[in-house]
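In numbering that gives the first Met the number 0, the protein residues as written are 0 to 241.
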Amino acid sequence: MNTTLTVVDEDNPLAADRAVKVYTLGLTGYPEVHRLQQRLQSQRREGGGVDSLLLTEHRPVITLGRGHPEPDLRVPAESLSSQDIQVIPTERGGDITYHGPGQLVAYGVVDLKAWNCSVLDYVTGLEDTVIGVLGDWGVRGEHNPGARGVWVEGRKIASVGIHVRRWVTMHGIALNVDPDMSHFELINPCGLKDVEMTSLVKEAGKQIPVAEVAEAFVLHFCRVFEAKHEMVDMSQRTRAKA
(Lines of atoms letter the chains of each structure in order from A and count residues from 1; the text may use other names and numbers.)
(Lines give C-alpha, C1' and ligand atoms only; values in the text may rest on other atoms or scores of the structure.)
Protein backbone atom coordinates (compact mmCIF):
# COMPACT_ATOMS: atom_id res chain seq x y z
CA MET A 1 0.00 0.00 0.00
CA ASN A 2 1.26 3.48 -0.83
CA THR A 3 1.56 5.97 2.04
CA THR A 4 0.63 9.55 1.16
CA LEU A 5 1.28 12.74 3.14
CA THR A 6 0.56 16.25 1.89
CA VAL A 7 2.60 19.14 3.28
CA VAL A 8 1.64 22.75 2.57
CA ASP A 9 3.72 25.76 3.62
CA GLU A 10 0.97 28.32 4.30
CA ASP A 11 3.52 31.13 4.71
CA ASN A 12 4.88 30.57 1.20
CA PRO A 13 3.01 32.71 -1.38
CA LEU A 14 4.16 30.52 -4.31
CA ALA A 15 3.36 27.18 -2.66
CA ALA A 16 -0.17 27.18 -4.05
CA ASP A 17 1.21 27.46 -7.59
CA ARG A 18 4.11 25.01 -7.35
CA ALA A 19 3.42 21.51 -6.12
CA VAL A 20 5.38 18.30 -6.50
CA LYS A 21 4.47 14.69 -5.77
CA VAL A 22 7.47 12.95 -4.20
CA TYR A 23 7.81 9.20 -4.83
CA THR A 24 10.23 7.28 -2.60
CA LEU A 25 11.14 4.17 -4.56
CA GLY A 26 13.80 2.43 -2.46
CA LEU A 27 16.44 0.31 -4.23
CA THR A 28 15.64 -0.05 -7.94
CA GLY A 29 17.01 -1.11 -11.28
CA TYR A 30 17.85 1.78 -13.61
CA PRO A 31 15.68 0.73 -16.60
CA GLU A 32 12.42 0.55 -14.63
CA VAL A 33 12.85 4.05 -13.18
CA HIS A 34 13.87 5.40 -16.58
CA ARG A 35 10.63 4.03 -18.06
CA LEU A 36 8.67 5.61 -15.20
CA GLN A 37 10.29 8.99 -15.90
CA GLN A 38 9.47 8.73 -19.59
CA ARG A 39 5.85 7.92 -18.83
CA LEU A 40 5.49 10.80 -16.36
CA GLN A 41 7.23 13.22 -18.73
CA SER A 42 4.96 12.23 -21.60
CA GLN A 43 1.86 12.78 -19.45
CA ARG A 44 3.14 16.16 -18.29
CA ARG A 45 3.97 17.30 -21.84
CA GLU A 46 0.42 16.51 -22.90
CA GLY A 47 -0.97 18.67 -20.12
CA GLY A 48 -1.85 15.83 -17.75
CA GLY A 49 -0.19 14.26 -14.74
CA VAL A 50 1.56 16.19 -11.99
CA ASP A 51 5.04 17.51 -11.35
CA SER A 52 7.00 14.70 -9.73
CA LEU A 53 10.20 14.03 -7.82
CA LEU A 54 11.47 10.43 -7.76
CA LEU A 55 13.92 9.46 -5.01
CA THR A 56 15.81 6.19 -5.32
CA GLU A 57 19.02 4.23 -4.95
CA HIS A 58 20.02 2.17 -7.97
CA ARG A 59 21.65 -1.20 -8.28
CA PRO A 60 25.16 -0.69 -9.75
CA VAL A 61 24.96 0.88 -13.21
CA ILE A 62 26.98 3.22 -15.43
CA THR A 63 25.01 5.67 -17.56
CA LEU A 64 26.12 7.75 -20.54
CA GLY A 65 25.01 11.26 -21.52
CA ARG A 66 23.66 11.88 -25.01
CA GLY A 67 26.74 13.79 -26.16
CA HIS A 68 29.14 11.02 -25.15
CA PRO A 69 27.83 7.68 -26.44
CA GLU A 70 31.18 5.93 -25.97
CA PRO A 71 31.96 5.01 -22.34
CA ASP A 72 34.96 6.84 -20.86
CA LEU A 73 36.31 3.85 -18.94
CA ARG A 74 39.50 3.34 -16.95
CA VAL A 75 39.17 -0.45 -17.21
CA PRO A 76 38.31 -2.94 -19.98
CA ALA A 77 34.57 -3.22 -20.60
CA GLU A 78 34.77 -6.94 -19.79
CA SER A 79 35.59 -6.15 -16.16
CA LEU A 80 32.24 -4.39 -15.79
CA SER A 81 30.38 -7.48 -16.96
CA SER A 82 32.24 -9.59 -14.41
CA GLN A 83 30.99 -7.23 -11.68
CA ASP A 84 27.43 -7.28 -13.06
CA ILE A 85 27.52 -3.54 -13.81
CA GLN A 86 25.47 -2.48 -16.83
CA VAL A 87 26.39 0.39 -19.17
CA ILE A 88 23.27 2.22 -20.39
CA PRO A 89 23.07 5.16 -22.85
CA THR A 90 20.54 7.87 -21.96
CA GLU A 91 19.13 11.10 -23.37
CA ARG A 92 20.33 13.28 -20.48
CA GLY A 93 23.02 15.92 -20.73
CA GLY A 94 26.49 15.38 -19.31
CA ASP A 95 28.97 12.56 -19.69
CA ILE A 96 29.50 9.23 -17.96
CA THR A 97 28.48 8.62 -14.35
CA TYR A 98 27.98 5.78 -11.87
CA HIS A 99 24.92 5.00 -9.76
CA GLY A 100 24.76 2.44 -6.99
CA PRO A 101 23.49 1.64 -3.49
CA GLY A 102 24.36 4.34 -0.97
CA GLN A 103 23.83 7.11 -3.52
CA LEU A 104 20.65 9.20 -3.41
CA VAL A 105 19.36 9.87 -6.92
CA ALA A 106 16.65 12.50 -7.39
CA TYR A 107 14.80 12.65 -10.70
CA GLY A 108 12.53 15.62 -11.31
CA VAL A 109 9.70 15.53 -13.85
CA VAL A 110 8.70 19.18 -13.76
CA ASP A 111 6.95 21.56 -16.17
CA LEU A 112 9.40 24.45 -16.09
CA LYS A 113 7.08 26.70 -18.06
CA ALA A 114 4.34 26.28 -15.47
CA TRP A 115 6.90 26.97 -12.74
CA ASN A 116 8.21 30.04 -14.60
CA CYS A 117 11.71 28.60 -14.23
CA SER A 118 14.53 28.57 -16.78
CA VAL A 119 16.55 25.42 -17.47
CA LEU A 120 19.67 27.05 -16.00
CA ASP A 121 17.83 28.13 -12.85
CA TYR A 122 16.42 24.61 -12.46
CA VAL A 123 19.83 22.95 -12.69
CA THR A 124 21.33 25.51 -10.32
CA GLY A 125 18.38 24.92 -7.99
CA LEU A 126 19.12 21.18 -7.90
CA GLU A 127 22.70 21.99 -6.95
CA ASP A 128 21.51 24.48 -4.31
CA THR A 129 19.24 21.78 -2.91
CA VAL A 130 22.22 19.46 -2.40
CA ILE A 131 24.30 22.29 -0.93
CA GLY A 132 21.52 22.83 1.61
CA VAL A 133 21.43 19.11 2.43
CA LEU A 134 25.19 18.99 2.98
CA GLY A 135 24.95 21.95 5.33
CA ASP A 136 22.57 19.98 7.56
CA TRP A 137 25.52 17.70 8.35
CA GLY A 138 28.10 20.47 8.65
CA VAL A 139 29.60 19.97 5.18
CA ARG A 140 30.18 23.00 2.97
CA GLY A 141 29.18 22.30 -0.62
CA GLU A 142 30.05 24.63 -3.48
CA HIS A 143 29.31 25.34 -7.12
CA ASN A 144 32.23 24.96 -9.53
CA PRO A 145 32.34 27.66 -12.25
CA GLY A 146 34.09 25.24 -14.59
CA ALA A 147 31.94 22.14 -14.08
CA ARG A 148 28.39 21.40 -13.00
CA GLY A 149 27.55 19.43 -9.90
CA VAL A 150 28.36 20.04 -6.25
CA TRP A 151 31.88 20.10 -4.87
CA VAL A 152 33.57 20.01 -1.46
CA GLU A 153 37.01 21.64 -1.49
CA GLY A 154 37.62 20.48 -5.06
CA ARG A 155 36.18 17.00 -4.56
CA LYS A 156 32.97 16.11 -6.39
CA ILE A 157 30.12 14.89 -4.22
CA ALA A 158 27.11 15.23 -6.55
CA SER A 159 26.60 14.97 -10.32
CA VAL A 160 23.78 16.58 -12.30
CA GLY A 161 22.37 16.00 -15.77
CA ILE A 162 18.88 16.56 -17.15
CA HIS A 163 16.84 16.17 -20.31
CA VAL A 164 14.16 18.71 -21.24
CA ARG A 165 11.47 18.24 -23.85
CA ARG A 166 8.80 20.88 -24.41
CA TRP A 167 9.79 22.44 -21.09
CA VAL A 168 9.27 19.23 -19.10
CA THR A 169 12.33 17.79 -17.37
CA MET A 170 13.54 14.30 -16.54
CA HIS A 171 16.75 12.91 -15.01
CA GLY A 172 18.27 15.00 -12.21
CA ILE A 173 21.00 14.91 -9.58
CA ALA A 174 22.86 12.16 -7.70
CA LEU A 175 24.38 12.72 -4.25
CA ASN A 176 27.01 10.34 -2.91
CA VAL A 177 25.92 9.50 0.63
CA ASP A 178 27.89 6.29 1.24
CA PRO A 179 28.28 4.35 -2.03
CA ASP A 180 31.08 1.94 -2.94
CA MET A 181 33.58 4.61 -3.96
CA SER A 182 35.80 2.05 -5.70
CA HIS A 183 33.22 1.86 -8.51
CA PHE A 184 34.02 5.44 -9.50
CA GLU A 185 37.56 4.23 -10.26
CA LEU A 186 36.12 2.25 -13.18
CA ILE A 187 35.30 5.46 -15.10
CA ASN A 188 36.39 9.04 -15.65
CA PRO A 189 33.40 10.58 -13.84
CA CYS A 190 31.65 13.17 -16.00
CA GLY A 191 34.56 12.81 -18.44
CA LEU A 192 36.96 14.47 -15.98
CA LYS A 193 40.23 12.54 -15.97
CA ASP A 194 41.64 13.76 -12.65
CA VAL A 195 38.50 14.35 -10.60
CA GLU A 196 38.41 13.08 -7.02
CA MET A 197 35.01 11.81 -5.90
CA THR A 198 33.85 11.99 -2.31
CA SER A 199 30.79 11.19 -0.19
CA LEU A 200 28.73 12.78 2.56
CA VAL A 201 29.73 10.08 5.05
CA LYS A 202 33.41 10.65 4.31
CA GLU A 203 33.15 14.42 4.60
CA ALA A 204 30.93 14.40 7.70
CA GLY A 205 32.94 11.66 9.40
CA LYS A 206 29.94 9.64 10.54
CA GLN A 207 27.36 7.17 9.29
CA ILE A 208 24.24 8.76 7.78
CA PRO A 209 21.25 6.75 6.50
CA VAL A 210 20.23 7.50 2.93
CA ALA A 211 16.61 7.76 4.10
CA GLU A 212 17.50 10.71 6.35
CA VAL A 213 19.30 12.41 3.48
CA ALA A 214 16.25 11.86 1.26
CA GLU A 215 14.01 13.58 3.82
CA ALA A 216 16.38 16.54 3.95
CA PHE A 217 16.52 16.67 0.15
CA VAL A 218 12.74 17.03 -0.11
CA LEU A 219 12.66 19.88 2.41
CA HIS A 220 15.49 21.77 0.73
CA PHE A 221 14.07 21.15 -2.76
CA CYS A 222 10.76 22.69 -1.69
CA ARG A 223 12.56 25.57 0.00
CA VAL A 224 14.70 26.32 -3.07
CA PHE A 225 11.82 26.05 -5.55
CA GLU A 226 9.17 27.46 -3.19
CA ALA A 227 6.83 24.50 -3.61
CA LYS A 228 4.50 22.37 -1.55
CA HIS A 229 4.87 18.58 -1.68
CA GLU A 230 2.99 15.33 -1.28
CA MET A 231 4.86 12.17 -0.23
CA VAL A 232 4.09 8.77 -1.77
CA ASP A 233 6.04 5.76 -0.44
CA MET A 234 6.42 3.17 -3.21
CA SER A 235 9.45 1.37 -1.76
CA GLN A 236 7.47 -1.75 -0.80
CA ARG A 237 6.01 -1.94 -4.29
CA THR A 238 9.38 -1.60 -6.04
CA ARG A 239 10.92 -4.18 -3.68
CA ALA A 240 8.17 -6.61 -4.61
CA LYS A 241 9.07 -6.21 -8.29
CA ALA A 242 12.77 -6.93 -7.68
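Backbone N, C-alpha and C define an ideal beta-carbon position, used for all residues, glycine too. It should be emphasised that the depicted structure is a prediction, and the values quoted were computed from it without experimental measurement.
Between the CA atoms of G160 and E184 - distance to the nearest angstrom: 20 Å
Spell out the partners DSSP gives I172 in its beta bridges. A105, V159
Going by DSSP, what residue range makes up the beta strand (DSSP E) through P88? 85–88
R44 versus R165 - alpha carbon distance: 7 Å
With 16 as the cutoff for other CB atoms within 10 Å, does L119 come out buried or exposed? exposed
Per-residue DSSP class, three states only, for I130: helix
For the region 52–69 and the region 88–106, state whether three or more C-beta atom pairs, one from each stretch, are separated by less than 8 Å. yes
Own chain partners of V194 with C-beta closer than 7 Å, once the 5 adjacent residues on each side are dropped: K155, P188
Could I get the ranges of all uninterrupted beta strand (DSSP E) runs contained in the region 38–70, with 3 residues as the minimum, in chain order? 51–57, 60–63
Taking only three categories from DSSP, how would you classify M196? strand
Close-in-space but distant-in-sequence residues of the same chain around V223 (CB under 6 Å, 5 per side omitted): G124, D127, T128
Could you check what DSSP says for D135 in three-state terms: helix, strand or coil? helix
Counting only the same chain and skipping the five closest in sequence on each side, list residues whose C-beta sits under 7 Å from that of G48. L39, Q42
How would you label A226, buried or exposed, when you count the other beta carbons within 10 angstroms and need 16 or more for buried? buried
Neighbourhood of A215 by C-beta, 7 Å cutoff - its chain only, sequence neighbours within 5 removed: V132, D135
Between the region 57–68 and the region 81–90, are three or more C-beta pairs nearer than 8 Å? yes
Mind reading off the beta-carbon distance from L26 to P100? Whole number of angstroms is fine, and I expect it under 8 Å. 6 Å
Of the choices A157, H182, S181, M180, whose alpha-carbon is the least far from that of G171? A157
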